[in-house]
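Chemist:
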Amino acid sequence: MRGYVFRMISARIFRMPFTELPHTGDIRYRVTGATREELFADAAKALFSTITDLDKVEAKDERRIEAFGQVDEELFINFLRKALDLFNDDGFVARDCRITFLGIDGSDWLCSIQATLTGERFDRKKHPYRTEIKAVTYHGAELKQTQEGWKATFTLDL
Amino acid sequence: MTKHSELAIGGIRLVQRTENSWEIPKEGGMRVPGRVYASRKMLGDLDHDRALEQVKNVAYLPGILEVSLGMPDIHWGYGFPIGGVAATDIETGVISPGGVGYDINCGVRLMRSNLHLDDVKPKVRDLVVALFAAIPTGVGSEGAAGTLSIEEVDRILNGGVGVVIRKGFGSPEDQERIEQQGFLSWADASAVSDRAKQRGSKQLGSLGSGNHFLEIQVVEEIFDEEAARVFSLEKGMITVLIHSGSRGLGYQVCDDAVHAFTRIGREKYGIELPDPELCSVPLHSPEGEQYWAAMAAAAHFAWSNRQVMMHVVRQVFRETLRMPDRTLGMDLVYDVCHNIAKKEEHVINGKKQMCCVHRKGATRACPPGHPDLPEIYRETGQPVLVPGDMGRASYVLKGTQKAMTETFGSCCHGAGRVMSRHASMRACKGRNLRDEMDRFGVEVRAHGYRTIAEEMPHAYKDVSEVVQVMHDEGISLKVAKLRPLGVIKG
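These protein sequences, in sequence, are chains A and B. Using the working numbering, read the first sequence as starting at 333 and increasing by one per residue. Using the working numbering, read the second sequence as starting at 684 and increasing by one per residue.
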């Protein structure tokens, strides 16, 4: 009980933007955010933290990405796919992500997102090695509003 | 006959059909029933997992034939379960990229040798260190074959493993011991995106990370002397097993297709499925045909990748042990794919017909006399390679006719995870993993503590139990057991 209370209090004080959920084969994250923008940004951080330790990544450079989707979940996954492309194309790892535009109007029409990610090129000498991500999957992707804000889950194929 | 029992695992009803196989009755939108191969004990592992639900979901695929299958190493994947097999009608059925997986033609190849345990034991550490230095592993690693031009990538994508063999990576004799001789005639490089080719151009001859590995082993036990002789294996022999796939090129081909099909499958072809990762299009559709050609091209890349790594293994053994190739005798036993879809002939409702067999974490298991087998294995049946975890064992089995009648000629592909990576990490807290692996007698090299922690033997089912299920059900029969001595990982 004491452990539970401690976790609740510490989760309030030190906001835990993402947690790992059990999944036998791959990796599954739950992300929370006060706003949708915060949620998307935290999900990008969860993605890059799978590859390396973000505390060791410096904000030397920035990259911009843009993604589209017809429904929220699709936009969310496509956004993460674009973020992962940054690593796959030229080894860029991001420590931070700022959403510069989020066009979701609730209608069943194209939504879009633009973001700026700051970080640097992955360097095996400097960045601790974690794992390679094969892909961001659509499996069990969820995005919804809760009383505290926004919550999402997604699964990465490792 | 004893009365067969019924069970409910994670809310899913299972009806026992044989000692080690269970039917999931058809219900809701399922077009066919499901079937899982597992001992009663192993079913318990599936309680906290969604693999059985995924077997049911696969049964929704339009054109699926007879049954949606789960092998004994089954576990929770995305869309399809890992360890899933599904055949669809070639005329009216669909192709599902998620039924092949992101790592297209992820597979295993086994090399034998003339070396015996006594010759190599004192040198295992040197060999592992040299292999770890020579074979790129892990995040951001570039392949042993250097950077290729897009034209060179195209040549591999169109031409298959023969292209790299002709470049000097290995010998022509290797080629006949590769599933389909490492060549799928319908592969087409022009169906593959530029981004996929770009990713592949730097990664030919690299292992990757996660559960991919390269292992030095010893043949610990022979179960079938005759088949072992044909596979040129004997007790005490040193073998090398390589487990890897198509690297970023294959992941991108799958990602491109899944992204396109989630929308097109639903809107253009009206295919509604319970999980977006199952997204499918008709095999006979422009989109289906493009994926089919791209998947085969990615399979070529995977075979070439394993071929280049095998060539490096031969070099490392030659230099470290200072022995010529003839003395080493490091020949390829066989190379199997375990993430692929293929058009094959099977008997459905008593009639021969062509089907598209999706194997997502399952190995083909051709019986004796099958026309797809190379001459040397025509009488024994196909060598079925089943790698286990890095501490315990791997197996070589042989395909049977029973597999043709029951599982579309398929067998399990590995041990199968029981513990998530996270749980495995947690279970390792406060333990000295290097010491533990030493106690297993296995020399391990990996880039991070984390990889070792996530891949510890406790995270996997016991491969011996998995293989026993296939053996007892007659799907594939045990030939040899291999014990790891040294392993490199990502």
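Glycine residues also receive a C-beta, built at the ideal position from the N, C-alpha and C atoms.
1. When the cut-off is 7 Å and only beta carbons count, does Asp393 (chain A) lie next to chain B?
2. Below 7 Å between beta carbons: does that hold for Gln935 (chain B) and Arg882 (chain B)?
3. Can you tell which of B:Glu960, B:Val1149 and B:Arg1047 has the C-alpha that lies nearest to the C-alpha of Val468 (chain A)?
4. Which of the three DSSP states is assigned to Asn1022 (chain B) in this structure?
5. Chain B beta carbons: is any one of them nearer than 7 Å to that of Leu418 (chain A)?
6. Use the C-beta contact count for Ser868 (chain B): other C-beta atoms within 10 angstroms, 16 or more gives buried, fewer gives exposed.
7. Can you have a look at Leu690 (chain B) and say buried or exposed, based on whether 16 or more other CB atoms are within 10 angstroms of its CB?
8. State the start and end residues of the unbroken beta strand (DSSP E) segment that holds Cys1038 (chain B).
9. State the beta-bridge partners of Tyr1078 (chain B) as determined by DSSP.
10. So, are the CB atoms of Val999 (chain B) and Ala742 (chain B) less than 7 Å apart?
11. Using a Cβ-Cβ distance cut-off of 7 Å, determine whether Gly1064 (chain B) contacts chain A.
12. Quick check: what's the CA-CA separation for His471 (chain A) versus Pro1066 (chain B)?
13. With a threshold of 7 Å between beta-carbons, can Tyr952 (chain B) be considered close to chain A, or not?
14. Can you pull out the residues from the segment 458-469 of chain A whose beta carbon lies closer than 7 Å to at least one beta carbon of chain B?
15. In the DSSP assignment, find the unbroken alpha helix (DSSP H) run with Gln737 (chain B) in it and report its ends.
16. Measure from the C-beta of Asp374 (chain A) to each C-beta in chain B and report whether the shortest distance is under 7 Å.
17. Measuring alpha carbon to alpha carbon, tell me which of B:Pro1167, B:Glu972, B:Ile818 and B:Met1153 ends up nearest Val1179 (chain B).
18. Going by C-alpha to C-alpha distance, which of A:Arg362, A:Glu390 and A:Gly423 sits closest to Leu488 (chain A)?
19. How many whole angstroms separate the CB atoms of Arg764 (chain B) and Val783 (chain B), which I take to be in contact at a CB cut-off of 8 Å?
20. Report the residues of the segment 940-968 of chain B with a CB closer than 8 Å to any CB of chain A, ordered along the chain.
21. From the DSSP output, read off the bridge partner residues of Ile359 (chain A).
22. Relative to the alpha-carbon of Ile925 (chain B), which residue among B:Ala734, B:Val846 and B:Thr820 has its alpha-carbon at the smallest distance?
23. Looking at the structure shown, is Tyr785 (chain B) part of a helix, part of a strand, or coil, going by DSSP?
24. Is the distance from the Cβ of Val1149 (chain B) to the Cβ of Phe896 (chain B) below 7 Å?
25. Going by DSSP, which residues form a beta bridge with Gly753 (chain B)?
26. Got a sec? Which residues, its chain only, sit under 8 Å from Glu825 (chain B) by beta carbon, not counting five neighbours each side?
27. Please specify which runs of the beta strand (DSSP E), each continuous and at least 3 residues long, are wholly inside the segment 1086-1132 of chain B, giving them in chain order.
28. So Asp1070 (chain B) and Val1125 (chain B) are in contact, right, with Cβ under 8 Å, and what is the actual spacing, rounded?
29. Under 9 Å between beta-carbons, which chain B residues line up against Ile436 (chain A)? List them in chain order, please.
30. Using a Cβ-Cβ distance cut-off of 7 Å, determine whether Pro349 (chain A) contacts chain B.
31. How long is the line joining the alpha carbons of Glu352 (chain A) and Lys880 (chain B), rounded to whole angstroms?
32. Go ahead and pull the three-state DSSP assignment for Arg878 (chain B).
33. May I ask you to report which of helix, strand or coil DSSP gives Thr1010 (chain B)?
34. According to the Cβ coordinates, are Gly1012 (chain B) and Asp786 (chain B) closer than 7 Å?
35. State the beta-bridge partners of Thr469 (chain A) as determined by DSSP.
36. Consider the Cβ of Val822 (chain B): report whether some Cβ of chain A lies at a distance smaller than 7 Å.
Modeler: Let me spell this out:
1. Not flagged as an interface residue toward chain B: Asp393 (chain A), since no C-beta distance is shorter than 7 Å.
2. For Gln935 (chain B) and Arg882 (chain B), yes; Cβs fall inside 7 Å.
3. The shortest CA-to-CA distance from Val468 (chain A) to any of B:Glu960, B:Val1149 and B:Arg1047 is the one to B:Glu960.
4. Judged by DSSP in its simplified three-state form, Asn1022 (chain B) adopts strand.
5. No, Leu418 (chain A) lies away from the interface with chain B (no Cβ there is under 7 Å from its Cβ).
6. Taking all protein chains in view, the Cβ of Ser868 (chain B) is surrounded by fewer than 16 other Cβ atoms within 10 Å, so the residue is classified as exposed.
7. It is exposed - the Cβ of Leu690 (chain B) has fewer than 16 other Cβ atoms within 10 Å.
8. Lys1034 to Lys1043 is the span of the beta strand (DSSP E), which, as asked, contains Cys1038 (chain B).
9. Tyr1078 (chain B) is bridged to B:Val1069 and B:Lys1164.
10. Cβ atoms of Val999 (chain B) and Ala742 (chain B): not closer than 7 Å.
11. Taking 7 Å as the CB threshold, Gly1064 (chain B) stays off the interface with chain A.
12. Rounded to the nearest whole angstrom, the CA to CA distance from His471 (chain A) to Pro1066 (chain B) is 33 Å.
13. It does not: the Cβ of Tyr952 (chain B) has no partner Cβ on chain A nearer than 7 Å.
14. Residues of the segment 458-469 of chain A with a C-beta less than 7 Å from any C-beta of chain B: Pro460, Tyr461, Arg462, Thr463, Glu464, Lys466, Ala467 and Thr469, listed in chain order.
15. Its alpha helix (DSSP H) spans residues Ala734 to Val741.
16. Taking Cβ atoms only, chain B never reaches closer than 7 Å to Asp374 (chain A), which makes this a no.
17. With chain B covering only 684 through 1173, there is no way to say anything about residue 1179 (chain B).
18. Nearest option by C-alpha distance: A:Arg362.
19. First, the residue type needs correcting, since residue 764 (chain B) is Pro and not Arg in the sequence shown. At roughly 13 Å, the Cβ-Cβ gap does not stay under 8 Å, so Pro764 (chain B) and Val783 (chain B) are not in contact.
20. Within the segment 940-968 of chain B, those residues whose Cβ lies closer than 8 Å to any Cβ of chain A are, in chain order, Val941, His942, Thr945, Arg946, Asp958, Pro959, Glu960 and Cys962.
21. In the DSSP assignment, Ile359 (chain A) is bridged to A:Leu488.
22. Closest option to Ile925 (chain B), judged by alpha-carbon separation, among B:Ala734, B:Val846 and B:Thr820: B:Thr820.
23. Correct three-state label for Tyr785 (chain B): coil.
24. No. Outside cutoff.
25. Answer is B:Val719 and B:Gly767.
26. Excluding positions up to five away in sequence, the list reads Pro819, Lys885, Gln886 and Ser889.
27. Within the segment 1086-1132 of chain B, the complete beta strand (DSSP E) runs of at least 3 residues are 1126-1128.
28. Before going on, a small fix: residue 1070 (chain B) reads as Pro here, not Asp. At roughly 14 Å, the Cβ-Cβ gap does not stay under 8 Å, so Pro1070 (chain B) and Val1125 (chain B) are not in contact.
29. In chain order: nothing, as chain B lies at least about 18 Å away.
30. Against chain B, the CB of Pro349 (chain A) has no partner CB under 7 Å away; the residue lies outside that interface.
31. Between the alpha carbons of Glu352 (chain A) and Lys880 (chain B) lies a gap of roughly 32 Å.
32. It is helical.
33. Residue state, collapsed to three classes: helix.
34. Their beta carbons are not under 7 Å apart, which means Gly1012 (chain B) does not touch Asp786 (chain B) by this criterion.
35. Beta-bridge pairing links Thr469 (chain A) to A:Thr487.
36. Yes, because at least one Cβ of chain A sits closer than 7 Å to the Cβ of Val822 (chain B).
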